[in-house]
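This report refers to the structure that appears directly beneath it.
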Amino acid sequence: MKRLCAFLAIFTLALAAARLHGQPAPPEIVAIEVPGNNPIVDPHAPLWREAPATEVTMLPQTIVVPQKPDAAVRQLSVRAVHNARWLAFRLEWADPTQSDRIVLDNFGDQVAVELPVDPHGPAPSPMMGNPGGRVNIMQWRAAFQHDIDHGPPTVQSLYPNAWADVYPDQVLSVADARAYTGALGVENPISRAAASPVLDQMAEGWGTMTVKPDQYAVGRGSWKDGRWTVVIARPLVSDDLYAPRLAPGDRTVAAFAVWEGGNREVGSRKSWSPWVPLVIGRATVPDRPGKPKGSKP
Amino acid sequence: MAKVFNWQIGREMDYPFEGHRPQRQFAMIFDTNKCIACQTCTVACKTTWTPGRGQEYMYWNNVETKPYGYYPLGWDVRILEALGVQEMDGPVYRGKTLFDATPTGEPILGYLPEDMDYAHPNIGEDDCAGTMTQGAHLTLPHMQWMFYLPRICNHCTYPACLAACPRQSIYKRPEDGIVLLDQSRCRGYRECVRGCPYKKTYFNAVTRVSEKCIGCYPAIEQGRQTQCTIACIGKIRLQGFLGKPDHPNEDNPLDYLVFVRKLALPLYPQFGLEPNTYYIPPVHVPADFLRQMFGWGVEQAVELYRRVAEDKKLLGALTLFGSTPQIIHYFRVDGDSAIGYDATEKELVRVPLHEPLVIREAYDQAHDAYRTNIT
Chain A
1 MKRLCAFLAI FTLALAAARL HGQPAPPEIV AIEVPGNNPI VDPHAPLWRE
51 APATEVTMLP QTIVVPQKPD AAVRQLSVRA VHNARWLAFR LEWADPTQSD
101 RIVLDNFGDQ VAVELPVDPH GPAPSPMMGN PGGRVNIMQW RAAFQHDIDH
151 GPPTVQSLYP NAWADVYPDQ VLSVADARAY TGALGVENPI SRAAASPVLD
201 QMAEGWGTMT VKPDQYAVGR GSWKDGRWTV VIARPLVSDD LYAPRLAPGD
251 RTVAAFAVWE GGNREVGSRK SWSPWVPLVI GRATVPDRPG KPKGSKP
Chain B
1001 MAKVFNWQIG REMDYPFEGH RPQRQFAMIF DTNKCIACQT CTVACKTTWT
1051 PGRGQEYMYW NNVETKPYGY YPLGWDVRIL EALGVQEMDG PVYRGKTLFD
1101 ATPTGEPILG YLPEDMDYAH PNIGEDDCAG TMTQGAHLTL PHMQWMFYLP
1151 RICNHCTYPA CLAACPRQSI YKRPEDGIVL LDQSRCRGYR ECVRGCPYKK
1201 TYFNAVTRVS EKCIGCYPAI EQGRQTQCTI ACIGKIRLQG FLGKPDHPNE
1251 DNPLDYLVFV RKLALPLYPQ FGLEPNTYYI PPVHVPADFL RQMFGWGVEQ
1301 AVELYRRVAE DKKLLGALTL FGSTPQIIHY FRVDGDSAIG YDATEKELVR
1351 VPLHEPLVIR EAYDQAHDAY RTNIT
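These protein sequences, in sequence, are chains A and B.
First residue of the first sequence: 1, per the working numbering; consecutive thereafter.
First residue of the second sequence: 1001, per the working numbering; consecutive thereafter.
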């Protein structure tokens, strides 16, 4: 009991000290401008060194059922850059388990960036928008990254000792076999082996998330030494009606969500962040020293 | 939470959505006294609906041996334990439903099985409960017992899978009450697998979304009974539609057996889902066990079943089990025959109440051979 009391006292003191010396709330995320025209997807590209990191506090989702009061991820390190064509976020967080094998009782690691579809209007609810307040949600999934790096899941890859006789799709025409292919047969975007590990989606409230017919978001993630580093990128401007149209100098907001698969997080069982101000930088050219930051070249 | 009326527990209860009963409700009756666990129904379902990739472990229809058989492992024991001991004297259930017992932050009291819980579909097969003492002789109920429990999705009036899905990817068809899972909208959160106490939704790890029994709706729409029903060699099943609980139609064999005679009972009514598959309880199993499994009317149902030979209309309804692949909407007994009719009141089938008894001579003159009782 004495030991427990001593521990609690130390713990309380430590908490108080952390509050006194803790960082204030993050002011904003600044997407600095970098050279190039191509999509920015490499999480380890040198250009990220110049981008300032914003530490975003993540909250367990406890508003809507089902909830996850003990969501694992409490802090997300966010960097952002753009090259006048593409806007990219580099998201980094600690995750001791690389969860990219999805079976009944295994859940995947995921991270998402949310932007209001109208970047200049009043901000919608950060919790997946609201009726009339649409949001664009780009979600990277470790399982999709695994599909791209190692191929889509098969029964044998998921369960090495599994055995099955002939499958209907091996002996029937594609049309006839469709009844036996479930979600694959109706092209559910969760089931397909996609070209991008990021799903481009929209929502206007809980339970309304919909994958867009045209996909613009790209990205890549890598897990090393207990940390995920993930890039999620999208065009600043596109013909996508359900995405913000952004330009250097714009100010808008961004929000984030993280799922720790090893902690059985899925769906609304996750960590989320409120809106964080996002500035699309006018120009920062790191390879030209002496140039004042934030001014157009 | 809305207030809905659940006739099986005789009271109003909480449910996340407003109650809208379908025009008619897909239902099935199983006579457990006739099931021999041949698994023909399981195979019929498997080959019809779940031979695809990721569906290897799925049994939308399975038959398990009670009391020690489960698929997945311990499905009912685990949820009963989580629910705790409840008062269930009937006709009004005074205990908690799974919705009453919902933990904070959850849509319903449930649990998610582990992968390995599905590794033993035949666990407990033919295992008995009870011990034999010195000098024991056969009595009813048996001192040592087991029975077979065939199971499909119950197409509940208040489905837990539907209640638990945060995306409303699961819906109940107003025309026949069949509960379906939208394969294009599901995102594989597994909340339905967690929520359904009967564990009749399954997760497909290849497609990464959930799947469930579809009540053979393409057959139902053609007036045909489900594959598991028409394949049943023991003729233990009757599939059709239930009417309204407060306006039963005595000419509908399902209404008659469920609402009027109360011979067929729902599986675990205390969960509060109003499941729509019904069981004629086994007559040789101790009443305490049956009461927990099928509710409070079980002793009367067992008594009634033992006297069925004296009751022509009841016998007639039971005789129609497995008698035709078509859905029987109406029936009547005419003399010593039971007659089943389709929705247009056209005669589908006529079955004698008693099979003629034939006693064969021990010596077959035509073949110049002796018959023995093993041929």
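The beta carbon of each residue, even a glycine, is placed where N, CA and C say it ideally should be.
Check: Quick check on the DSSP output: the beta strand (DSSP E) that includes Thr54 (chain A) runs from which residue to which?; Outcome: 54-57
Check: State the Cα-Cα distance for the pair Trp1060 (chain B) and His120 (chain A), rounded to the nearest angstrom.; Outcome: 50 Å
Check: Taking only three categories from DSSP, how would you classify Tyr1341 (chain B)?; Outcome: strand
Check: Can you tell me whether Trp48 (chain A) is helix, strand or coil according to DSSP?; Outcome: helix
Check: For Asp239 (chain A), which three-state DSSP category applies?; Outcome: coil
Check: Along the region 223-248 of chain A, where does the CB come closer than 8 Å to a CB of chain B? Name the residues.; Outcome: none
Check: For Arg79 (chain A), I'd like the list of residues in its chain whose CB is within less than 6 Å of its CB, leaving aside the five on either flank, ordered along the chain.; Outcome: Trp48, Ala51, Ala53, Arg90
Check: Against Asp1115 (chain B), what residues of chain A qualify as contacts under a CB-to-CB distance less than 7 Å, listed in chain order?; Outcome: Val103, Leu104, Asp105
Check: Does the contact criterion of 3 or more C-beta pairs under 8 Å hold for the region 1008-1023 of chain B versus the region 1204-1219 of chain B?; Outcome: no
Check: When burial is assigned at 16 or more other CB atoms within 10 Å of the CB, is Trp163 (chain A) buried or exposed?; Outcome: exposed
Check: Determine the closest residue to Cys1041 (chain B) out of B:Asp1176, B:Ile1233, B:Thr1104, with distance taken between C-alpha atoms.; Outcome: B:Ile1233
Check: Residue range of the alpha helix (DSSP H) that Glu1191 (chain B) falls in?; Outcome: 1191-1195
Check: Comparing C-alpha positions only, which one of B:Thr1324, B:Leu1357, B:Arg1350 sits nearest to Asp1336 (chain B)?; Outcome: B:Arg1350
Check: When we look at the beta-carbon of Lys1003 (chain B) and count the other beta-carbons within 10 Å, is it buried (16 or more) or exposed?; Outcome: exposed
Check: Quick one: which unbroken alpha helix (DSSP H) runs of 4-plus residues sit fully inside the region 1157-1204 of chain B? Chain order, please.; Outcome: 1160-1164, 1191-1195
Check: Is the region 1065-1072 of chain B close to the region 1115-1126 of chain B, with three or more CB pairs under 8 Å?; Outcome: yes
Check: When the Cα of Ala1205 (chain B) is compared with those of A:Asn106, A:Ala71, A:Pro69, which residue comes out closest?; Outcome: A:Asn106
Check: Report the residue from B:Gln1365, B:Thr1229, B:Gln1292 whose alpha carbon sits nearest the alpha carbon of Gly1322 (chain B).; Outcome: B:Thr1229
Check: Can you tell me whether Lys224 (chain A) is buried or exposed? The criterion is at least 16 other CB atoms within 10 Å of its CB, across all chains shown.; Outcome: exposed
Check: Under 8 Å, with one C-beta from each stretch per pair, do the region 1232-1248 of chain B and the region 1159-1173 of chain B reach the 3-pair mark?; Outcome: no
Check: So if I threshold CB-CB distances at 7 Å, which residues from the region 1036-1065 of chain B count as touching chain A?; Outcome: Pro1051, Gly1052, Arg1053, Gly1054, Glu1056
Check: Closer than 8 Å is the cut-off here; do at least three beta carbon pairs connect the region 179-189 of chain A with the region 1179-1187 of chain B?; Outcome: yes
Check: List the residues of chain A whose Cβ lies closer than 9 Å to the Cβ of Cys1186 (chain B), in chain order.; Outcome: Ala183, Asn188, Ile190
Check: Are the region 1286-1295 of chain B and the region 1354-1369 of chain B touching, with three or more C-beta to C-beta distances below 8 Å?; Outcome: no
Check: Assess, as a yes-or-no matter, whether the region 1328-1346 of chain B is touched by the region 1306-1317 of chain B under the definition of 3 or more beta carbon pairs within less than 8 Å.; Outcome: yes
Check: When you compare the CB of Ser268 (chain A) with every CB in chain B, is at least one pair closer than 7 Å?; Outcome: yes
Check: Out of curiosity, what's the CA-to-CA distance linking His21 (chain A) and Val1077 (chain B)?; Outcome: Residue placement at His21 (chain A) is flagged as unreliable, the pLDDT there being 48, under the threshold of 50; the coordinate-derived value follows with that caveat. Going from the Cα of His21 (chain A) to the Cα of Val1077 (chain B) covers about 52 Å.
Check: Whose C-beta lies closer than 8 Å to the C-beta of Ile1108 (chain B) among residues of the same chain, with five residues either side of it excluded?; Outcome: Leu1098, Phe1099, Thr1102, Ala1160, Ala1163, Ala1164, Gly1195
Check: Between the alpha carbons of Pro1150 (chain B) and Gly205 (chain A), how many angstroms are there, rounded?; Outcome: 41 Å
Check: In whole angstroms, what separates the C-alpha of Ser271 (chain A) from that of Arg1173 (chain B)?; Outcome: 35 Å
Check: In this structure, how does DSSP classify Tyr1111 (chain B) when only helix, strand and coil are distinguished?; Outcome: coil
Check: Measuring only the C-alpha atoms, how far is Tyr1305 (chain B) from Met128 (chain A)?; Outcome: 56 Å
Check: Take Lys212 (chain A) as the anchor and find which of A:Arg227, A:Val166, A:Asn136, A:Gln170 has the nearest alpha-carbon.; Outcome: A:Asn136
Check: Which stretch, first to last residue, makes up the alpha helix (DSSP H) that contains Asp1288 (chain B)?; Outcome: 1287-1294
Check: On the DSSP bridge list, what partners appear for Ile1280 (chain B)?; Outcome: B:Asp1031
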